[in-house]
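One structure is given below, encoded as structure tokens.
In this note's numbering, the protein residues as written are 1440 to 1827.
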């Protein structure tokens, strides 16, 4: 495993804490797992996964809070399945989250006294509050603008000589187009550095020296984040442990292999998550004592195909297409098997250099398409598998 013995101790202590909830006590009993006896990372791999389906069933069985509720200082909401479900944070959770995220922002170059515009929403989902408290913990001056009005944000950034901006990369591009300029940008909430050229586009738009990627969900925030070096997202392993597993077998994959992101809280009281399968697609690598997602999150694992012996994740194609301005983002995957050999064709709507697109798709998919076709009007999107 890629984490040290101190992290393992924190994991074991968290596993023992969560057994206070019947939800986890029953899961551990069914798997014949004694949290107090988890003395190695191999032992940890025997701990059962937590899935979105299990959490949804728990909310349905004990509405509206589910069984993982034991009081909270803040109740926000997050999409889960087709509904919104509550997220619970105790005061201890809020304080710990603020301290951890403050360190994340410090590593991207934000300093005490810096003026920072926060464009994440404060209502319902509460992401803006999490970011805001971290910036206060760091000692920054926070401008809680929220999302929506890029012209107003650009005006305030210019008038108050704001140092940093935190928000969605797509909204940052709009602020830049309105004349907003900052030294540092932190992007989250949507694909960012996994889209080739997107970091450079945001930096150019904002005239920024640094633009970093941040990965978290409302349940686990942060999971991983870049530093000022802009060289991959470092797992924040004093807040969470990340594994990459084969989405079909659940087997933990080796560094460099692509699979599903699985996350475990290390210190969480409200709605603690243990080996939670996020459905996000990424890779991990070891860099000294650091565990890094080198390319961030590159797609979802919800739909996958096996082509030429390699798992292909269709949603990872979308981050490639987003880097080509002439493409609409609509595409179709066609797979057939002439002469007993898989053949992969990607049909894309719009205009692009076919050779450049083919190379980019090959890099992202880990299997090179046999052909790329460009059409003006895609008649149908999706996957067409004619092999069987």
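Every residue gets a Cβ at the ideal spot worked out from N, C-alpha and C, and that includes glycine.
Within the same chain, Cβ atoms closer than 6 Å to the Cβ of residue 1767 are found at 1788 and 1789, the five residues on either side in sequence being excluded.
Straight through space, the alpha carbons of residue 1818 and residue 1802 are spaced by roughly 27 Å. Here residue 1544 is near residue 1573, since their CB atoms are less than 9 Å apart. For residue 1745, the enclosing beta strand (DSSP E) covers residues 1744-1746.
Under the three-state reduction of DSSP, residue 1724 is assigned to strand. Sequence-distant partners of residue 1750 (beyond 5 residues in either direction) whose C-beta falls short of 7 Å from its own C-beta, in its chain, are 1743. Residue 1523 counts as exposed, since fewer than 16 other C-beta atoms from the protein chains shown sit within 10 angstroms of its C-beta.
Contact between residue 1716 and residue 1703 is ruled out by a C-beta separation of about 11 Å, above the 8 Å threshold. The region 1579-1593 makes no contact with the region 1688-1706; the number of CB pairs closer than 8 Å stays below 3. In terms of Cβ geometry, residue 1505 and residue 1710 form a close pair [threshold 9 Å]. Our two residues, residue 1820 and residue 1759, have alpha carbons roughly 16 Å apart in a direct line.
If you look at residue 1535, you'll find it in the alpha helix (DSSP H) that goes 1530-1546. DSSP links residue 1662 through a beta bridge to no other residue. Here the alpha carbon of residue 1692 sits roughly 11 Å from the alpha carbon of residue 1721. Looking at the DSSP output, residue 1525 bridges to 1516. If you draw a 10 Å sphere on the C-beta of residue 1598, you find fewer than 16 other C-beta atoms in it, and that means exposed.
In terms of Cβ geometry, residue 1699 and residue 1719 form a close pair [threshold 9 Å].
Residue state for residue 1492 is assigned as helix, using DSSP reduced to three classes.
Taking residue 1634 as the centre and dropping the five residues before and after it, the same chain places the C-beta of 1758, 1761 and 1762 closer than 7 Å to its C-beta, in chain order.
With 16 or more neighbouring CB atoms inside 10 Å of its own CB, residue 1453 falls in the buried class. Cβ-Cβ distances below 7 Å link residue 1771 to 1786, 1817, 1819, 1820, 1821 and 1823 in the same chain, with the five nearest sequence neighbours on each side left out; the list follows chain order.
Per DSSP, reduced to three states, the secondary structure at residue 1624 is strand. Taking C-beta atoms under 8 Å as the contact rule, residue 1629 and residue 1608 qualify, at a distance of about 6 Å. Partner residues in the beta bridge of residue 1673, as assigned by DSSP, are 1664 and 1731. Apart from sequence neighbours up to five positions away, the residues of its chain that approach residue 1455 with a beta-carbon distance below 8 Å are 1474 and 1475, ordered along the chain.
DSSP, read as helix, strand or coil, puts residue 1463 in helix. Per DSSP, residue 1605 lies in no alpha helix (DSSP H) segment; the continuous beta strand (DSSP E) that holds it begins and ends at 1603-1606.
The region 1652-1668 makes contact with the region 1677-1692: 3 or more CB pairs, one atom from each, lie closer than 8 Å. Distance from the CA of residue 1670 to the CA of residue 1659, rounded to the nearest whole angstrom, comes to 22 Å. Its chain contains 1690, 1691, 1692, 1698, 1699 and 1701 as the residues whose beta carbon lies nearer than 7 Å to that of residue 1684, once the 5 sequence neighbours on both sides are disregarded; these appear in chain order. If you draw a 10 Å sphere on the C-beta of residue 1492, you find fewer than 16 other C-beta atoms in it, and that means exposed. If you draw a straight line from the Cα of residue 1648 to the Cα of residue 1600, it is about 15 Å long. Going by beta carbons, residue 1622 and residue 1578 fall outside the 9 Å limit. Between residue 1546 and residue 1667 the beta-carbon gap is near 7 Å, inside 8 Å, which marks them as a contact.
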